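Asker: Residues in the sequence shown are numbered from 129 upward in steps of one, following the numbering used here.
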Amino acid sequence: MTLPKIKSIYTDGACSGNPGPGGWGVVICFANDNIQELGGADPKATNNRMEMQAAIAALEWFAKSGQTEPVTLYTDSEYLKNGITKWIQGWKKKGWKTSTGAPVINQDLWELLDELNCRQIQWQHVRGHSGDRYNDRCDAIARAFSLRQTPTLQQFEQTTSGESTNFKPPSPSLSFNTIVSQATDKIGNKTIESNLVAPDLLISNSAMIDSTADFLDNLPREVRVEQLRNLIETLHIADEVATKGYLITSSELADLMDVNASAVTSRGDKWVWRNWVVSRARREGNQILWLLERIDHVNSND
């Protein structure tokens, strides 16, 4: 099948708890205004890994398209964009070590991204939740999968006459197990495994995700309890960071809070998150380092 020219690609990842059940979404935009959507889930992931998995799936799909013209890939993850365009060469030269000598987190996925990345891909950061239609759509797909929902995905199809069209919506009676299949692909000597929605699914405008709260209300009790466990684990990590006086970067703090890095840096030099006062400590190179202090400890020192 000959595909029309790919104009742009959008990717996003999400996690219900960090770590916790994760999901990722991809929207591929063609020059003829058709789109292709991809998505998948991971029962135990982090927000950053899901951002990376979305990009891996997008780059794999682009490679199979055979397109030689440049295409812009949009992501709202500064961690992903900076990692693949700025930091990765230094990591490789240091044997996958950071500037401090620590092992690079998510090395397995960075290696896959490095293999899949090509000169045709132009990486571009887009601000999350800013009203960008396709970024918002990727977010909806990713969050649905992270909440163990089954979003239907729009797929490109070309008819025998050569005209392009889109698939019709599937029957709503299809179960999760029916429409989710295990996909495994080899890229070099690496293996990619992800839960991909079967390609006969279409999302209609009325099926767009309204809000995370709607999903949470419909989740089974055991799922909500598992999310609570993940939250408690996250809070324990934050408490240990505060107790030991560790300084963490904006991206690491964003992972802890399950938000975009820009949502951290835009809050100013000192603010409150849950039980902690978060203060900007200093800058090291291009990284801002943050200090967490328990609110009760801060108040007792006043």
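Just so it is clear, CB atoms sit at the ideal spot from N, CA and C, and this is done for glycine as well.
From a predicted model like this one, the values you see are computed outputs, not experimental measurements.
#1: Could you check what DSSP says for Leu417 in three-state terms: helix, strand or coil?
#2: Val155 and Ala185 - do their beta-carbons sit closer together than 8 Å?
#3: Please determine, among Gln248, Arg247, Trp215, Val199, the residue with the shortest C-alpha to C-alpha distance to Gln235.
#4: Per the DSSP calculation, Trp404 is bridged to which residue(s)?
#5: Is the Cβ-Cβ distance between Gln355 and Gly145 less than 8 Å?
#6: Residues in the same chain with beta-carbon distance under 7 Å from Pro198, minus the five sequence neighbours each way, listed in chain order, please.
#7: Mind pulling the beta strand (DSSP E) runs of 3 or more residues that sit fully within the segment 141-227?
#8: Below 6 Å CB to CB, which residues in the same chain sit around Val392 once its five sequence neighbours on both sides are set aside?
#9: Is DSSP giving Gln282 helix, strand or coil here?
#10: Taking only the alpha-carbon atoms, compute the straight-line gap between Val232 and Trp219 and give it to the nearest angstrom.
#11: Could you tell me the distance, in whole angstroms, from the CA atom of Asp140 to the CA atom of Trp189?
#12: By how many angstroms is the C-alpha of Pro171 removed from the C-alpha of Ile376?
#13: Reducing DSSP to helix, strand and coil, say where Asp338 ends up.
#14: Please state the DSSP three-state secondary structure of Arg271.
#15: Any idea what DSSP makes of Ser258, helix, strand or coil?
#16: Checking 8 Å against the spacing of the C-beta atoms, do Ser274 and Ala182 come in under that value?
#17: What are the residues that DSSP puts in a beta bridge with Trp251?
#18: Please go through the segment 346-384 and give each complete beta strand (DSSP E) segment of 3 or more residues, from N-terminal end onward.
#19: Taking 8 Å as the threshold (C-beta atoms), are Ala366 and Leu419 in contact?
#20: By DSSP, does Arg276 sit in helix, in strand, or in coil?
#21: Starting from Asp242, follow the alpha helix (DSSP H) in both directions and report where the run begins and ends.
#22: Measure the CB-CB distance between Trp401 and Met385 and report whether it falls below 8 Å.
#23: I believe Pro147 touches Asn414 by the beta-carbon criterion, under 8 Å. Please report the beta-carbon distance rounded to the nearest angstrom.
#24: Just to confirm, is the Cβ distance from Thr196 to His253 under 8 Å?
#25: Alpha carbon to alpha carbon, how far is Ile360 from Thr371?
#26: Using three-state DSSP, classify Arg395 as helix, strand or coil.
#27: Under the assumption that Leu131 contacts Ser193 (Cβ atoms under 8 Å), give the Cβ distance between them as a whole number of angstroms.
Answerer: Let me lay it out:
#1: It is a strand residue.
#2: No, Cβ-Cβ distance for Ala185 and Val155 is not below 8 Å.
#3: Checked all of Gln248, Arg247, Trp215, Val199; the closest Cα to Gln235 is Trp215.
#4: Trp401, Arg422, per the DSSP bridge assignment.
#5: Closer than 8 Å, so yes.
#6: So the list reads Gln248, Gln250, once near-sequence residues are dropped.
#7: The segment 141-227 contains these whole beta strand (DSSP E) runs: 148-158, 163-173, 199-203.
#8: A distance below 6 Å between beta-carbons, with the five flanking residues on each side excluded, links Val392 to the following residues of its chain, in chain order: Ser378, Leu381, Ala382.
#9: Gln282 falls in the coil class under three-state DSSP.
#10: Distance between Val232 and Trp219, taken at the CA atoms: about 7 Å.
#11: Per the coordinates, the alpha-carbon of Asp140 lies some 15 Å from the alpha-carbon of Trp189.
#12: If you take the alpha carbons of Ile376 and Pro171, they lie about 26 Å apart.
#13: With a pLDDT of 41 at Asp338, under the threshold of 50, the modelled position of this residue cannot be trusted; read the value that follows with caution. DSSP places Asp338 in coil when its eight states are reduced to three.
#14: If DSSP states are grouped into helix, strand and coil, Arg271 belongs with the helices.
#15: Ser258 falls in the coil class under three-state DSSP.
#16: Cβ atoms of Ser274 and Ala182: not closer than 8 Å.
#17: DSSP output for Trp251 lists Leu201 as bridge partner(s).
#18: Correct list: 375-377.
#19: No. Outside cutoff.
#20: When secondary structure is reduced to three states using DSSP, Arg276 falls in the coil class, being assigned neither helix nor strand.
#21: Annotation for Asp242: the continuous alpha helix (DSSP H) segment containing it runs 235-244.
#22: Closer than 8 Å, so yes.
#23: Rounded, the Cβ-Cβ distance is 26 Å, inconsistent with contact.
#24: Against a cut-off of 8 Å, the Cβ pair of His253 and Thr196 comes out as no contact.
#25: Ile360 and Thr371 have their alpha carbons spaced roughly 16 Å apart.
#26: Arg395: coil per DSSP, three-state reduction.
#27: The pair is a contact, with the Cβ atoms about 5 Å apart (cut-off 8 Å).
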